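Numbering (the numbering used here), first residue to last: 143 to 459.
What follows is a short report on a single structure.
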């Protein structure tokens, strides 16, 4: 690390995967395939919900917001990763680094707040079915989504506001993508306020989402056990299981990052691979889970495919 502070324009170098030159092209192709799966899966899910009027309900509108969140995180990381596999320099400007870091942190924060909002929606739908349409009006739904995105973006804006005026003395980011800590680890001076705020922010989001989701599902489970309508219970449990699976996948991927970073025995490439899991796995798996488990979405996908095939047949005549 340099002793003198750097002046703009600052150009960082990302420490990507350490692989042979022969392996970079297969890894690029693999990354491209993963990104295509993310785009196609989430794009199809968004299109089905947008085009099918039957799916214009609070739960599915929230799914659309989760799709947007997944696309934000997946695009921010995968496009840069593919670029690094094909580039020998692997450099990134200060502005681009801050933009990528902002998108990654917004994705991680918004995923938790949106999943919490979705848990609340399921709680109202199952525990207060007669009042559901009174509680979840279009206006209240918009306010709930605005709150979920507002909390996430607001916390991230404050987090990155601490970067203003902090001198940097290095250019090598010891991470596979840009983030708050990897960038500030290059600071010439200690950054205790940012460190404390970052920890408090992580604790607030993780603990808050866990408490909201846990409370919602305890209430839902209690309501399902008290109800006698087996068909209604089965549908409710199926919907909740989908949401809970997605939440567990996100948290599990996040825990893997924390655990692997604590052990020196884990190879650098393995740590980097685990670091992108929480951004790659949920956006890839979520559309598959929704498409398989939720009947309305599955029917909408089948209907969309059939209509597309019919149009192509008509065009060929």
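Each residue gets a CB set at the ideal place from its N, CA and C atoms; glycine is no exception.
Computed from a predicted structure; not experimentally measured.
Inter-residue spacing [alpha-carbon to alpha-carbon] between residue i and residue j
i           : j           : result
residue 241 : residue 421 : 16 Å
residue 259 : residue 203 : 11 Å
residue 432 : residue 304 : 38 Å
residue 281 : residue 238 : 36 Å
residue 429 : residue 148 : 44 Å
residue 151 : residue 208 : 35 Å
residue 264 : residue 407 : 43 Å
residue 349 : residue 343 : 10 Å
residue 172 : residue 227 : 11 Å
residue 412 : residue 401 : 12 Å
residue 224 : residue 317 : 15 Å
residue 325 : residue 416 : 19 Å
residue 276 : residue 286 : 14 Å
residue 338 : residue 272 : 45 Å
residue 191 : residue 445 : 12 Å
residue 194 : residue 435 : 17 Å
residue 235 : residue 243 : 12 Å
residue 166 : residue 160 : 10 Å
residue 368 : residue 390 : 26 Å
residue 289 : residue 174 : 34 Å
residue 320 : residue 346 : 22 Å
residue 168 : residue 388 : 29 Å
residue 352 : residue 164 : 44 Å
residue 356 : residue 291 : 21 Å
residue 331 : residue 181 : 41 Å
residue 366 : residue 383 : 13 Å
residue 409 : residue 394 : 20 Å
residue 336 : residue 257 : 26 Å
residue 170 : residue 222 : 11 Å
Spatial neighbours of residue i in its chain, beta-carbon cut-off 6 Å, leaving aside the 5 residues before and after
i           : result
residue 308 : 329
residue 162 : none
residue 315 : 154, 156, 324
residue 396 : 420
residue 385 : 260
residue 146 : none
Limits of the unbroken alpha helix (DSSP H) element including residue i
i           : result
residue 233 : Careful: residue 233 lies outside any alpha helix (DSSP H), inside the beta strand (DSSP E) at 233-235.
residue 339 : 334-368
residue 220 : 200-228
residue 418 : No alpha helix (DSSP H) contains residue 418, which DSSP labels as neither H nor E.
residue 164 : 163-193
residue 303 : 280-303
Any non-hydrogen atom of the ligand NAP closer than 7 Å to residue i Cβ
i           : result
residue 167 : Looking at this structure, you won't find the ligand NAP or any other ligand, since it has none at all.
Residue range of the unbroken beta strand (DSSP E) whose run includes residue i
i           : result
residue 156 : 153-156
Sequence-distant residues of its chain with Cβ nearer than 8 Å to residue i (five each side left out)
i           : result
residue 447 : none
residue 179 : 426
residue 253 : 208, 211, 212, 215, 392, 424
residue 340 : 301, 322, 323
residue 246 : 215, 218, 219, 319, 320, 321, 421
Sequence-distant residues of the same chain with beta carbon closer than 7 Å to residue i, five excluded per side
i           : result
residue 262 : 354, 358
residue 144 : At residue 144 the pLDDT is 46, less than 50, meaning the model places this residue with poor confidence; the figure from the coordinates comes in the next sentence. Correct list, in chain order: 311, 312.
residue 200 : 263, 278, 283
residue 176 : 220, 422, 426
residue 294 : 248, 251, 252, 255
residue 361 : 265, 269
residue 398 : 416, 419
residue 414 : 159, 318
residue 298 : 244, 247, 248, 251
Below-8 Å beta-carbon distance, residue i vs any chain C residue
i           : result
residue 305 : Protein chain content of the structure displayed is limited to a single chain, and chain C is not contained in it.
Bridge partner(s) assigned by DSSP for residue i
i           : result
residue 329 : 310
residue 315 : 156
*Cβ pair count under 8 Å reaching 3, the region 147-156 against the region 185-195*: Touching, no, given that fewer than three Cβ pairs across the two stretches are closer than 8 Å.
*Any 3 or more C-beta pairs closer than 8 Å across the region 407-424 and the region 199-216*: The region 407-424, when compared against the region 199-216, does touch it at the 8 Å Cβ threshold.
*asked:* Would the region 432-443 count as touching the region 226-235 if we require 3 or more Cβ pairs under 8 Å?
replied: With a cut-off of 8 Å, the region 226-235 and the region 432-443 do not count as touching, because too few Cβ pairs lie within range.
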